[in-house]
Amino acid sequence: MKVVEMENICISFGENRANQDVCFELEKGEVHALLGENGAGKSTLMNILYGLYKCDSGTIKINGQEVQMDSPRTAIKLGIGMVHQHFMLIPQFTVTKNIFLGMKESGFFFNEEKLNKEVQELNDRFGFNVDPTAYVWQLPVGVQQKVEILKTLIRKAKILILDEPTAVLTPNEVEDLFVSIRKLTKEGYSVILITHKMEEVLKYTDRVTVMREGKVVATKKVSETNLNDLAAMMVGRDVNLSRNLKPQTPGDVLLKLENVKVKDNKGQYIVNGVSLEVRAGEIVGIAGVDGNGQLELGEAIVGLRKIEEGKVEICGQDTTNATPHKILDAGLAHIPDDRHKKGLVLPFTVKENLILGLQRDKQYCKGITLDYRKVEQSAQKLAEEFDVRPRNIELQAGMLSGGNQQKVILAREVSRSPEVLIALLPTRGLDIGAIEFVRSKIVNERNNGKAVLLVSTDLDEILSLSDRIAVIYKGEILDVVSPDTPVEEIGLLMGGVKRKAEEVSQVG
Ligand SMILES: Nc1ncnc2c1ncn2[C@@H]1O[C@H](COP(=O)(O)OP(=O)(O)OP(=O)(O)O)[C@@H](O)[C@H]1O
Ligand SMILES: [Mg+2]
28 MKVVEMENIC
38 ISFGENRANQ
48 DVCFELEKGE
58 VHALLGENGA
68 GKSTLMNILY
78 GLYKCDSGTI
88 KINGQEVQMD
98 SPRTAIKLGI
108 GMVHQHFMLI
118 PQFTVTKNIF
128 LGMKESGFFF
138 NEEKLNKEVQ
148 ELNDRFGFNV
158 DPTAYVWQLP
168 VGVQQKVEIL
178 KTLIRKAKIL
188 ILDEPTAVLT
198 PNEVEDLFVS
208 IRKLTKEGYS
218 VILITHKMEE
228 VLKYTDRVTV
238 MREGKVVATK
248 KVSETNLNDL
258 AAMMVGRDVN
268 LSRNLKPQTP
278 GDVLLKLENV
288 KVKDNKGQYI
298 VNGVSLEVRA
308 GEIVGIAGVD
318 GNGQLELGEA
328 IVGLRKIEEG
338 KVEICGQDTT
348 NATPHKILDA
358 GLAHIPDDRH
368 KKGLVLPFTV
378 KENLILGLQR
388 DKQYCKGITL
398 DYRKVEQSAQ
408 KLAEEFDVRP
418 RNIELQAGML
428 SGGNQQKVIL
438 AREVSRSPEV
448 LIALLPTRGL
458 DIGAIEFVRS
468 KIVNERNNGK
478 AVLLVSTDLD
488 EILSLSDRIA
498 VIYKGEILDV
508 VSPDTPVEEI
518 GLLMGGVKRK
528 AEEVSQVG
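Below, the structure written as C-alpha cells:
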C-alpha cells in the first residue's frame, strides 16, 4: 500500500528550479532513502511534503487521497512527522517538556508525571532509552535525535521524515537508531531517510531514490544496487576519496601545543594536558571517538574556549587565550564544526559571509568604508573557485543547502591564506562530490606549506588525509602514529587500549 504519492512536483526559488517534475512514492512499512548531492533538492521536496513550502505544481496523495498540503498543521493531522536537518529543541527544557511543546498537554494543566509516563511507554515500545526527566542540554546529540523522533510519535505520526539524522551520530548511535527504526516499520510506520552515507543506505534501507539538480535520477530496490552504482547516479562522475598525499618533508613548527587543559560546558576537564606540534607542510589528524575532547581542544586553539592551563603558539607567537582577532592575525584560519552557530551569519548574503572578518583587510577598504566593487569581485571569484551553487552571491547564506554553506566557509577561510588551518569535522553533512572537493582543498593547503590540524570522528577521513595521526582518548593524546599503522591498532587506541612497547617487541 502506498502511503505517500508525490507526482510531478515542481518548485522554483527565483531562477533556481529546486524540484522539477519530481515523482516520489513511499510504501507502508518501508525505509525509503533519499540520496543526492548537496543542493539536489531533497530537503525542499520533504519540506513540501510537510507543508512548509508550497509547490508551484504537482499533486500529493496521502493514503490514496489527494490533499492540499498547506501547512505543517495539515501534515501532522495527516500523520506526517519531520525531524529537520538541524534540531529544534530547547536545551533548558526537559525531554518531556520539549516533546509536548506546543500541544495542549503542555499548557496550563501540564501534568509532568503523567506525560513522563507517556514518553516512557513509547520509549519501551521502540527501544529509545531516553530519560524523560533529563534536560536536553545534558544529552548527547544521539539522544537528542531520539527526542525529536519521539516528538513526532507523540503527535501520532505514522510517516516519518528524517532529514540527515545520522550526520552527527557515532557509529554506535547509528546502529541504535536503526534498531528503533526497524521496530517502527514492523509496526507499520513508514520512514523517509535523507542521508549522504551510501553504506547506510545499503545496510539499513529498502528502497532508494536518487536526486540530482532538482530531478529524480532513479528509484531502485536497495538489493538491486551497489556502492558504485549509487555514487555514479548521485554525482554523475567517478569520485575518488582514496589517499592522495605526495611525500614531503615538513618544515618549521607552526602550531605548538604545550600541556593544554580545557574544560567542557559543564565545567569538567575534558582536555587533560595535550602537547602536540604541527609543522609547515603536514596534516596532523586527531582521531578519536566523539566526546573525547577533540572539539573542545580545537575550540580552545581558535580562541572560542578558555585554556585553563598550558600554552598555544601559532607561528612562534603565544596566542593562549588571546582574542580571536589576535589569533587570526597570528596566521590561523578555521573551519568550525557547526556551520550555523559558528561559521556563517545566515541572514547575511553569501558575499558578506565570504568577506566576514576580512573587512579590516586593506585591500577591501576605500578610506574608511568598504570598497564594494572589490568585495564583489573577489566574492564572485571565490564562489566560482569553490563551486558554490547556485552561483548567486546576493543570496542569503541561510538559503543555501548545507553543503554549499560549508563551501562558503571553506572559501573564506582558505582565502585568508593562513599559515595554520584548523579543520573541525570539515566534511560533515557533505555529499561525496563535495567531500572530495573539500579534502582536495585541505591537501592543497598542506602542499603549499601550511600546517593543518584536522579533527574528525570519521576514521577513514583521518586515514586518507593525515601525515601523522594523534589518537585522543579521554582528553589525552594516547599516541601519535603513522597512517600506515594497522586500522585495528588505531581502533584499539581510540578505545583507550595502548599496547606497551615491551609487548610489541615481544610480539616482534
Ligand atoms: N527558502 C529557499 N529560498 C531560496 N532557495 C532555496 C530555499 N530552500 C532551498 N533553496 C535552494 O533549493 C536548492 C535545493 O536545496 P535543498 O536544501 O533542497 O538541497 P538538499 O538536497 O537538501 O542539499 P543538502 O544535502 O546540502 O542538504 C538549493 O539550490 C537551495 O539553495
Ligand atoms: Mg538538505
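Counting from 28, one number per residue, gives the positions in the sequence shown under this note's numbering.
From the three backbone atoms N, C-alpha and C, an ideal C-beta is built for every residue, glycine too.
These numbers come from a predicted model, not from an experiment.
{"Check": "At least three beta-carbon pairs within less than 8 Å, the segment 99-114 to the segment 71-80", "Outcome": "yes"}
{"Check": "Check: P99 C-beta below 7 Å from any heavy atom of ligand 1", "Outcome": "no"}
{"Check": "Buried or exposed (CB count within 10 angstroms, at least 16 for buried), R466", "Outcome": "buried"}
{"Check": "CA nearest to the CA of T232, picked from L53, L519 and N46", "Outcome": "L53"}
{"Check": "Length at least 4, wholly inside the segment 208-248: the alpha helix (DSSP H) runs in chain order", "Outcome": "225-231"}
{"Check": "Closer than 7 Å: S70 CB and nearest ligand 1 heavy atom", "Outcome": "yes"}
{"Check": "Same chain only: Cβ atoms within 7 Å of E488, ignoring 5 sequence neighbours per side", "Outcome": "T454"}
{"Check": "Own chain residues within Cβ distance below 8 Å of K369, not counting five before or after", "Outcome": "L331 and P363"}
{"Check": "Per-residue DSSP class, three states only, for S444", "Outcome": "coil"}
{"Check": "Closer than 7 Å: G425 CB and nearest ligand 2 heavy atom", "Outcome": "no"}
{"Check": "CA-to-CA distance, Y500 to G523, given in whole angstroms", "Outcome": "6 Å"}
{"Check": "G325, enclosing beta strand (DSSP E) - first and last residue", "Outcome": "Careful: G325 lies outside any beta strand (DSSP E), inside the alpha helix (DSSP H) at Q321 to I328."}
{"Check": "Q92 - partner residues in DSSP beta bridges", "Outcome": "I89"}
{"Check": "For V298 and E323, believed in contact at Cβ under 8 Å, the rounded distance", "Outcome": "6 Å"}
{"Check": "Simplified DSSP state of E202, which is helix, strand or coil", "Outcome": "helix"}
{"Check": "Any non-hydrogen atom of ligand 1 within 7 Å of N380 CB", "Outcome": "no"}
{"Check": "Alpha carbon of E326 to alpha carbon of E251, nearest angstrom", "Outcome": "44 Å"}
{"Check": "According to DSSP, residues forming a beta bridge with N253", "Outcome": "N253 is not bridged to any residue."}
{"Check": "Presumed contact (8 Å Cβ cut-off) between A307 and D279, rounded CB distance", "Outcome": "5 Å"}
{"Check": "Host beta strand (DSSP E) of K283 (start-end)", "Outcome": "V280 to K290"}
{"Check": "Short Cβ contact (8 Å threshold) for I469 with I310", "Outcome": "yes"}
{"Check": "Expected contact under 8 Å - CB spacing of V287 and G460 to nearest Å", "Outcome": "V287 to G460, Cβ: 36 Å. No contact."}
{"Check": "Touching by the beta-carbon criterion (3+ pairs, under 8 Å), the segment 310-319 and the segment 334-341", "Outcome": "no"}
{"Check": "Identity of the residues DSSP links to C392 by a beta bridge", "Outcome": "L397"}
{"Check": "Ordered list of beta strand (DSSP E) runs contained in the segment 100-157, each at least 3 residues", "Outcome": "107-110"}
{"Check": "Chain-order list of residues whose beta-carbon lies under 6 Å from that of V329 (same chain, five-residue window excluded)", "Outcome": "H361 and I449"}
{"Check": "Limits of the unbroken alpha helix (DSSP H) element including N65", "Outcome": "No alpha helix (DSSP H) contains N65, which DSSP labels as neither H nor E."}
{"Check": "C82 vs C37 beta-carbon contact at 8 Å", "Outcome": "yes"}
{"Check": "Boundaries of the beta strand (DSSP E) in which Q47 is found, first to last residue", "Outcome": "N43 to E54"}
{"Check": "N35 (DSSP reduced to helix, strand or coil)", "Outcome": "strand"}
{"Check": "Where K338 falls: helix, strand or coil (DSSP)", "Outcome": "strand"}
{"Check": "Counted within 10 angstroms of its Cβ, other Cβ atoms place V372 as buried (16 or more) or exposed", "Outcome": "exposed"}
{"Check": "Rounded Cβ spacing between R264 and V249 (contact assumed at less than 8 Å)", "Outcome": "Not really, about 22 Å apart at Cβ, beyond 8 Å."}
{"Check": "Residues near L422 by beta carbon distance below 6 Å, same chain, minus five either side", "Outcome": "V377"}
{"Check": "Distance cut-off 7 Å: G241 Cβ against heavy atoms of ligand 2", "Outcome": "no"}
{"Check": "Proximity below 8 Å, CB of I536 to CB of V31", "Outcome": "Beyond the ends of the chain as shown, which are 28 and 535, falls residue 536; an answer cannot be given."}
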